[in-house]
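Presented below is the structure to which this report refers.
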Amino acid sequence: MVLLSSFLLPWLMLSLDPDRMDRLAQLSIEELISLKVVSAEKTERAYPESAAAVFVVSREDIERSGTTQLAELLRFVPGVQVARLSVNVWAVSIRGFNELHANKLLVMIDGRPIYNHLFSGVFWPMFEMSTDEIERIEVIRGPGSTLWGANAVNGIINIISRTSEDAQGVFVGLGTGHQEKAFGDARYGFRLGPQTTARVNYGFAEREMEDVRLGPNLLSDERMQDGRVSMRLDHRFNNRASLLVQGNYFRNFMRRPSLPADFQLDDNGWFVQARFEHTDARSVKRSVQLYADSASREGEFRWHVWDLDFKEQRQLGRHHLVYGVGFRTIDDNVTRGLAGGLTFAPQMSNEKIGNLFVQDRIDFRENWSLTMGYKLEFNDFTDSEFQPNVRLHWAPPGPAALNLWAAASRAVHVPSRLERDGDTLPRPGPPLPRVLGNPDLDISYVTAYELGLRSRLGSKFWLDTAFFFNDYANEIAFEATGPPNQFIRVNGMEAETYGMDGSLEYRPKPWLRFAASFTVLEADFTVLPGPRPRRPLASFYEGQSPSRQWNLRSYVNLARGLTLDLHWRYLGAVRQAALANPAAPPRQTFPSYENLDVHVAWQLPRGFRAELVGRDLLGEHRELSFFEHEPQLHIDFKFWF
Amino acid sequence: MKTRAGSFKRVYLAAVLILLPWGGAIPRVAAQPVTDAEIKATLLFKFVPFVRWPKPKTVQADHFIFLIVGQDPFGPVIDHFEGQSIRGRPLKIVRVPDFRVTSEEPLPACDMVFISASMADQLDALLAGLDGKPILTVSDQAGWGARGVMINFFESEESVRFEINPQSTRASGIRIGAQLLKLSRIVK
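Okay, here's the thing in structure tokens:
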């Protein structure tokens, strides 16, 4: 990258011309509003004053990543672990604990949680989205349970879709490549009235992983097909009230050659969501949200979710209050769970979860603020859970826009249905340990301490970094029970993780931007002694997530609509994740790797863009599974009018 | 797999060889691209002749004061206009990057205010405080026109456009000329 940019730099003599503003000032308003601008570069930093570690993947980052998959956009977010386990299966976590069933994350789309209650994780293939539909992604590292809801033990990922007002007109994108055999999407955004806009999106993808060696005797040619339609309607009643209604339907099919028979997944699902927001004359903001969500996997499981939330924000003197209530009910029927490896007893269940929360931010002494939040959560299995947090923030005035913050919080992981009711099914081949669920499991919880700093360095650098120490208790261990080689889940492990993560932005010129992100993560696990022997898995958990991750991105606007973007990354070595059976992890280490993605785009002044994307161009590597990442290319053409 | 990787390498090399001369040659003849910050900064003061403020009830400040609330998105670009004569008074640009809407510290007196993206969580409270005052409000975030900002920039087909909220201007006694309204998108 250094080579390439030093080669290009002499040609890019775009220094600031002193007469330029004068020349612009001579143009009329009509002329000014018809001038083309270089890609709208908003260094949008949502929540610059928040007392938490927040990173925003902006629309610019999304468009210029050239990616076709949501999880790929999280690779350069500090503190986030992303590993692709197969053609459409991803493991994503924040600050460690990354595995197939990573379960300490709250992932939302437009405020609607998308992690499932079966294993408290996300079936990523069910949430394919065209990049045309995403406005930005906000990632909060560290516990955020007070304001956001359950499962935000290690962090929150909030995907925000584009409003129909921003996505008007017709858009068509089509592409093809090595692994991305064919993909495309279409959008039609239109106006239904002076205050009502809507959009309809359609998307499809066909991916194939060619001849990848999954095991010593198994060469796989894994394939998936995905299709989805979605709609969104935005209406404004007046300046102070708005309504959002949206929904989607998807169908997703995956086939993997396996023994004795091919392994197939056939998923489909839908959701409908409505949200009404109103701000009254005294700036009291209220919002009500209702959604229904349904997903099923042919021959395995299906579930239905209903969720109702109410939230109110108001200011009383120096107090900024947010409070609300939420209620959710989930019905499911699991005949064979999670890719066939598990059975659930009972087969059907109903869960009801309620919560009450209040948060108060108190501004004092001009530049200080103190935030305190409390949340009570009620569920069917454990007692009501108390999740408090305290945050202190200081932003002294000055050109550096310095922000310092510190936080202490407690967040709870309620045992998932898998942990309570899941039982591994016997499989053909060498016998594997059997793991039983435990309906008497208690919550596990984290006490987290954080320290953060945000600051401008000089006029062109922006640094955002956080240090953390997390203390986990009551984590799940596997204890021998009954016949040999049989285990049951118990609350029997403790862990400490600590480290730092952050990002550095450097924009030396309007057409040139560099962004670096770094993640340092150390972990120390202890399996506590129990009445019966427990699996000694501490070292495996410690090695699950890379202890070092470095990312470097560069964005160059050449000219005439040509842009060149590079993304280099380094990830430390990891132990292979236990897939379906955590009690029997093959002791395999995947070495550290570095790799490079390249995105070249050429855009006409209006209506057309061509993109060439190269992934993993430095060679083959593996991360967390036998899935082999090979260098690959795809091209993509986009039209809009 | 080896052979596939080998053939891939050739394709990759070829692609790099094809792209490099492009990358080198095109910028040489390139015209200077204009940034959205430059266009917006220029437009801000182009609007002024079309805006009629209500007659001041008290003594006017010596300067025409332009306030930037929140993180400044313009930088040196807008400083270019500092001191230029606006409505017969020299322009003074005042930045309040760390402003918080609290009852103790009001917004400094001004004629025109740009509300930056970083004020997103305080927008409604800030607008409520400006309600009825003869201050022209400007922003550049989607949907803020409908939320009550008088002139809001937006991007359309890669140009900078603007929308005007006549309801908000009327409430403050500010009048905007028909020529400017004609060029804008009207927020209803």
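Same order as they appear, the protein sequences are chains A and B.
Using full-length UniProt numbering, the first residue of the first sequence is number 1, and each one after it goes up by one.
Using full-length UniProt numbering, the first residue of the second sequence is number 1, and each one after it goes up by one.
We put the CB at the ideal spot given by N, CA and C, even for glycine.
At a cut-off of 8 Å between beta carbons, A:Q315 contacts chain B. Contacts with chain A at 8 Å (Cβ-Cβ) do not include B:L107. Judged by DSSP secondary structure, A:E419 falls within the alpha helix (DSSP H) whose first and last residues are R417 to D421. A:D363 has a beta carbon lying within less than 8 Å of a beta carbon in chain B. A:A573 counts as exposed, since fewer than 16 other C-beta atoms from the protein chains shown sit within 10 angstroms of its C-beta.
For B:T169, the enclosing alpha helix (DSSP H) has its first and last residue at P166 to S172. The beta carbon of B:P97 sits closer than 8 Å to some beta carbon of chain A. One alpha carbon belongs to A:L617, the other to A:Y570, and they sit about 13 Å apart. For the pair A:R256 and A:L265, the Cα-to-Cα distance works out to about 9 Å.
For the segment 129–163 of chain B, residues whose beta-carbon sits nearer than 8 Å to a beta-carbon of chain A comprise A142, G143, A146, R147, G148, E155, E157, E158, S159, V160, R161 and F162.
In this structure, A:S164 sits away from A:T131, with a CB-CB distance that is not shorter than 8 Å. Annotated three-state conformation of B:E82 is coil, per DSSP. Here DSSP, grouped into helix, strand and coil, assigns A:M21 to helix.
Taking 8 Å as the cut-off, the beta carbon of A:I443 is found no closer than this to the beta carbon of A:H117. Neighbours of B:L183 in chain A, taken as residues at a C-beta separation under 7 Å, are given in chain order as I29, E30 and I33. Contact between A:A448 and A:G142 holds, since their C-beta atoms are separated by about 6 Å, short of 8 Å.
The beta carbon of A:F344 sits closer than 7 Å to those of V334, G337, R417, D421 and G422, all from its chain and outside the five residues before and after it, given in chain order.
The contact set of B:I39 on chain A, defined by CB atoms closer than 9 Å, consists of L24, L32, I33, L35 and V37 in chain order. Rounded to the nearest angstrom, the gap between the Cα atoms of A:H634 and A:Q588 is 31 Å. B:L43 has a beta carbon lying within less than 8 Å of a beta carbon in chain A. Along the segment 157–175 of chain A, going in chain order, the ones with a CB nearer than 8 Å to a CB of chain B are T163, E165 and D166. Judged by pairs of C-beta atoms under 8 Å, the segment 535–544 of chain A does not touch the segment 553–560 of chain A, as fewer than three such pairs exist. The beta carbon of B:E82 lies closer than 8 Å to those of L91, K92 and I93 in the same chain, with the five residues before and after it left out. Look at the segment 269–293 of chain A: the residues with a C-beta under 9 Å from a C-beta of chain B are T279, A281, R282, S283 and K285. Burial state of B:P73 is buried, judged by a 10 Å Cβ sphere holding 16 or more other Cβ atoms. Ranked by how close their Cα comes to the Cα of B:I86, the residues B:F99, B:F50, B:I151 and B:S168 have B:F50 in first place. Under the three-state reduction of DSSP output, B:F47 falls in the helix class. When Cβ-Cβ separations below 8 Å define contact, A:M21 makes contact with chain B.
Taking CB atoms only, A:Q246 has no neighbour in chain B less than 8 Å away. Pairing A:A51 with A:R286 gives a Cβ-Cβ distance that is not under 8 Å. Remark: C-beta atoms of A:Y472 and A:V446 approach each other more closely than 8 Å. In the DSSP assignment, B:L130 falls within the alpha helix (DSSP H) that extends over L123 to L130. At least one CB atom of chain A sits nearer than 8 Å to the CB of B:T35.
In the structure shown, the three-state DSSP call for A:F123 is coil. Put simply, of A:M254, A:Q359, A:F639 and A:H235 the residue whose alpha carbon is nearest the alpha carbon of A:H278 is A:H235. A direct Cα-Cα distance of roughly 42 Å separates A:F627 from A:N403.
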